[in-house]
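Read top to bottom, the protein sequences are chains A and B. Heads up: the first sequence runs through residues 1 to 628, numbered per this note's numbering. Heads up: the second sequence runs through residues 629 to 930, numbered per this note's numbering. Where is the CB? At the ideal position from N, CA and C, for every residue including glycine. Fair warning: this is a prediction, and the values are worked out from it, not measured in the lab. What follows is a single structure, written as structure tokens, with notes after it.
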Amino acid sequence: MPKRFVSWMIGGPQGSGINVAAETLAKALSRGGLYVFANIEYHSNIMGKHSYYRIRVSEDPIHAPVDEVHLLAALDEETLFGDHHHNPEFPTHHGHVHEVVPGGGIIYDADLGDIRDRLSRDDLRLYPVPYFEMIRQALEPFGKAAEYRQYDIMRNTVALGATLAILDYDFDLVAEVIREQFKGRRARLADLNIQAIRVTYDYVREHFGNDFPWKVRKRERRGDQILIRGVQAIALGKLQAGLGVQTYYPISPATDESTYLEAVQSKYNVVVIQTEDEISAINMAVGAAHAGARASTSTAGPGFALMPEGIGFAAITEAPGLVVFLYQRGGPSTGLPTRTEQADLGFALHPAHGEFPHIVIAPGDVVEAFYDSFEAFNWADRYQMPVIVLVDKYLASSYVTVPRFETRHLVIDRGIRYQPAGQRDGYLRHAVTESGISPWVVPGTEGVVFWTTSDEHNPKGHISEGVIHRMEQMDKRMRKLELAAREIPDSKKFTLHGPADAQVTLVGWGTTKGAILDALEELSALNGLTFNFLQIRMMRPFPAEPVGAILRRARRVILIENNYSGQLGNLIREMTGFRIPHRVLKYDGRPFTVNEIIEGVRRALENDEERIVMISSEAREVIRWPTR
Amino acid sequence: MAYAVKDYKTEVWVDWCPGCGDFGILNAIHQALTALQLPPHKVAVFSGIGCSGKTPHYIGTYGVHTLHGRVLPVATGFKLANPEMTVIAVGGDGDGYGIGAGYFLAAGRRNVDLTYIVYNNGVYGLTKGQASPTLPKGVQTKSLPEPNLMEALNPIAVALGAGYTFIARGYAYDVRHLRDLIVAAIQHRGTALIDVLQPCPTYNNIYTREYYNARVYKLEETGYDPVVHNPTDEKEIVEKKAQALLKAYENGDRIPIGIFYRVERPTLEDELAARLPHWGKALADLEPIYRRDLTPLLDELR
């Protein structure tokens, strides 16, 4: 059965605090025993450009946003009507009113006057709230009412207060979250914000009653849930893995992970270094890995574009313990710095010149991001090859309610270490072995020294261009990839969600997972067909045999990717020979909504379309279907 | 047990051209390590790409031959992960002041405790003698089809601006003097730069052994005092930098070698030690980082 949910959106200029309001609400909802999915769309700009934040909340687990909005909170006029007034020649959007469902509500500043004529629809509930008057009243008990114009930043809190009144959600849970945000000397700010919510709450109840059709009620908490976003899940996975050195150069959307680690470096003894560029970041991490630390760097496409030589260097010198986190954003070049895309799969698979082994893993959600980030370091140590964890902006910044991570079963495996036999015992850093693995050693170990080089080398690590050494070393390095392919379990490489014998198989990777999973149930209800979802996680070594077998057995197959060309589809064809006949693609910089998955699949099945391109509800009519 | 020079050598055949200044630098490194009696397993030598890049293969310590221009980032990451090691980075002038110029600057800002030796010969030897960033404008070595179009960079002057805490110039054919400079640089806490005048007998027929022999003189023999005696005195720091800058531009009939500038400032390791509870040993063997308890961080997410 389709899940019941409420969808809320807040919009306003960048810097107006929509994220604070949304994250406060999301946390209060999650603490109220509900499942939350919250994602932000923002501009690459510090202040002023239009941003919006969606929260979808349900009593059932949910994993993605939807097109429709039940309640829209607008901090400014642009959220309602777009940016024609300051961008007349090339407006970037036309506001969000069209995304609100019939009978849905809009919270806006009463100072905008009568907006009914400008809405071009009359099926909405309007909640004009005098924002500045609310702020003025909130300031009164603090003796600051006269200065209310300086407290413009509290408009977001006013919108939050109105939201609580309309959705009829628990006031105390929100107050509790706010009190945690403002502690110690800032406690007074908590009181001020809570007062603003209280004043607005009362105002809305007095003027508009309490009869909004979509309400959200707290309930008993079930199990131990956390509300977490991708950068946090990844940072936690890395800490749990024993990360020693993190290097980074600031870049959206990867930086938040590094600054999170920086904030806890004293507590967890992790060295976090901001470097002069990404070339330095990768090479410093490679140096730290050769010194024996678990080392990592996190970046986005433009930064990764500076790292190829460092990745090749790590591969030929067999640095243990190096993991690179690539947060995809809209490309090419600077592209869409704060928007999402899945367009770097091909780049991650071919991250440098020459041929060398490496591992590419692409977690599909925050839970997989945590466990894959942990496991990535075990692989990097065991196989002494670079591991790339491929994520994206959408995962990085979206909050989701999930069960608290279980860590007791996680085991750190630093791979095969060399045991010195005595003084100058002839250790060979690149010893040729059957498995391809040459035991590694922590520099400083008594009785041992080693050499290694970016040149091709002999087993001792000295330069050699000899045919025999070249062949031995090349083959031994590549054998490690075969070993990894054998040893890493299929459960890490792919997952077939749903019935094995379904009539339709959807294929995807990474963060399309959430929208596809949420769509599966509704698709069955809509079409009367059975669906399953083949999620590919490990891109190299690629699980060609089982994936090929599943696809050849499948009856109808539809590919879904957040990019222009269907890069996974191309990889599957390269690795298995199987050509997926339908591609549902999206490359407008925004993630798939559940609606778009359903619509894309419908068009593939009903119209037999080969290439189906979705664009976001920001720029089109909301997709609706009979089950909702 | 005392270490002899042979303990710092390897069996690898040295493939530099006969008469190359690199031999003098290699000998000076061997002698400096011997003088300091550093156990070979406590030393790591890093290099970039070029003729100088071969150096680690000729030294019997840990040796990592990295990428063109990237030796400082790799050496820095290594040192931060394994701070008990003595770290020496070497590279050429093209490697360090050209393709690696950004890292040359940033290393000065970081002041990690390592020694950086630049083999400065004015040409890209391994690719057959193109002009490097230290070759003066208008000069035409025998390997150049036309005179050099660009001005030379002054490494000592740049290092002063970048924040290096030990800045010296050596001469490849005065091995004893260079050995003493390397010893002082390794003993210095912080990033130490030694720019070494290193004739390339194959491609640079202008800045030759004869050229330098007739011109170099030792700063310490002139009563020059490079040391900032009160490192908290910003005025003294600027005065000592100004004095070093004047010497850095003395490039005519007389060319100074020796220590130009030296100051004791907190290293990046000092700053990390103040932040991290278990800083100072190899991170690889630091037990607490493998037993991290995420409970407080997970609790914050409830």
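Q: Could you pull the start and end residues of the beta strand (DSSP E) that S296 (chain A) belongs to?
A: R294 to A300
**Request:** Let me know the secondary structure DSSP gives I157 (chain A) once reduced to three states.
**Result:** Note that residue 157 (chain A) corresponds to Thr in the displayed sequence, not to Ile. T157 (chain A) falls in the helix class under three-state DSSP.
Of all the CB atoms in chain B, is at least one closer than 8 Å to the CB of V367 (chain A)? no
Checklist line | Where P443 (chain A) meets chain B, residues with beta-carbon distance less than 7 Å | finding: A672, Y690, N710 and M713
Quick check: is the beta carbon of Y631 (chain B) nearer than 8 Å to any beta carbon in chain A? no
Taking the alpha carbon of P684 (chain B) as the point to measure from, which residue in B:T694, B:V673 and B:I677 has its own alpha carbon closest?
-> B:V673
(request) State buried or exposed for D723 (chain B), treating a residue as buried only when at least 16 other CB atoms are found within 10 Å of its CB. (result) buried
*asked:* Does L322 (chain A) come out as helix, strand or coil in the three-state DSSP assignment?
replied: strand
Point to revise | Neighbour-count burial assignment, I282 (chain A), 16 or more Cβ in a 10 Å radius | key: buried
Can you check the segment 265 to 293 of chain A for any beta strand (DSSP E) of at least 3 residues that lies completely inside it and give the ranges in chain order?
271 to 274
For M1 (chain A), which of helix, strand or coil comes out of DSSP? Note that M1 (chain A) scores a pLDDT of 48, beneath 50, so its modelled location is shaky; the value from the coordinates is reported in the next line. DSSP places M1 (chain A) in coil when its eight states are reduced to three.
Against chain A, does Y918 (chain B) count as a neighbour if the rule is that its beta carbon must be under 8 Å from one of theirs? yes
Backbone CA spacing between L695 (chain B) and E309 (chain A) [nearest angstrom]:
8 Å
*Decide yes or no for the touch test of the segment 910 to 927 of chain B against the segment 263 to 272 of chain A: beta carbon pairs closer than 8 Å, at least 3 of them.*
yes
Next item on the list: Specify the secondary structure class of T769 (chain B) as computed by DSSP and reduced to three states.
Entry: coil
Is the segment 457 to 471 of chain A close to the segment 335 to 342 of chain A, with three or more CB pairs under 8 Å? no
- Message: Counting C-beta neighbours from all protein chains within 10 Å, is the total for L80 (chain A) 16 or more, i.e. buried, or is it exposed?
- Response: buried
**Report entry** Whole-number beta carbon distance between L517 (chain A) and H63 (chain A), since they are thought to touch under 8 Å
**Finding:** 5 Å
- Kindly list, in the order they appear in chain A, the residues whose Cβ is closer than 9 Å to that of R930 (chain B). K27, S30, R31, D224, Q225, I226, L227 and R404
Q: Can you grab the Cα-Cα spacing for the pair P403 (chain A) / Q225 (chain A), in whole Å?
A: 4 Å
(message) Determine, for H290 (chain A), whether the minimum Cβ-Cβ distance to residues of chain B falls below 8 Å.
(response) yes
Suppose contacts are defined by Cβ-Cβ distances below 8 Å. Is V389 (chain A) in contact with D365 (chain A) by that definition?
no
* **Beta-carbon spacing of V622 (chain A), E41 (chain A) below 8 Å** => no
Open item on the list: Against chain B, with Cβ distances strictly below 8 Å, would W379 (chain A) count as a contact?
Closed with: no
Name the chain A residues whose beta carbon is nearer than 7 Å to that of R893 (chain B)?
The contacting residues do not exist; R893 (chain B) stays about 18 Å from chain A at best.
Open item on the list: Between which residues of its own chain and Y690 (chain B) is the CB-CB distance below 6 Å, once the five residues before and five after are set aside?
Closed with: A672
Nearest-angstrom Cβ-Cβ length linking S771 (chain B) and V786 (chain B), presumed shorter than 8 Å: Not confirmed; about 25 Å, so no contact.
_Suppose the cutoff is 6 Å on Cβ atoms and the five residues either side in sequence are ignored; what does the same chain contact list for M1 (chain A) look like?_
Here the model assigns M1 (chain A) a pLDDT of 48, short of 50, so the residue's position is not dependable, and the following value carries that caveat. So no residue of the chain qualifies.
**Report entry** Runs of alpha helix (DSSP H) lying entirely within the segment 639 to 681 of chain B, each at least 4 residues, in chain order
**Finding:** 650 to 664
Q. Does DSSP put A431 (chain A) in a helix, in a strand, or in coil?
A. coil
Q) N283 (chain A) CB to nearest chain B CB: under 8 Å? A) yes
Using a Cβ cut-off of 7 Å, pull out every chain B residue sitting near W509 (chain A), in sequence order please. Per Cβ cutoff of 7 Å: no residues; W509 (chain A) is ~26 Å from chain B at best.
Would you say M1 (chain A) reaches chain B, if we count a Cβ-Cβ gap shorter than 8 Å as a contact? Residue confidence is low: M1 (chain A) scores 48 on pLDDT, short of 50, so the model does not pin down where it sits. No coordinate-derived value is stated.
Reference V231 (chain A); option with closest CA among A:K393, A:A502, A:R4 and A:G569 = A:K393
Between A:E599, A:N193, A:N562 and A:R136, which lies nearest to N156 (chain A) when the distance is taken from Cα to Cα?
A:N193
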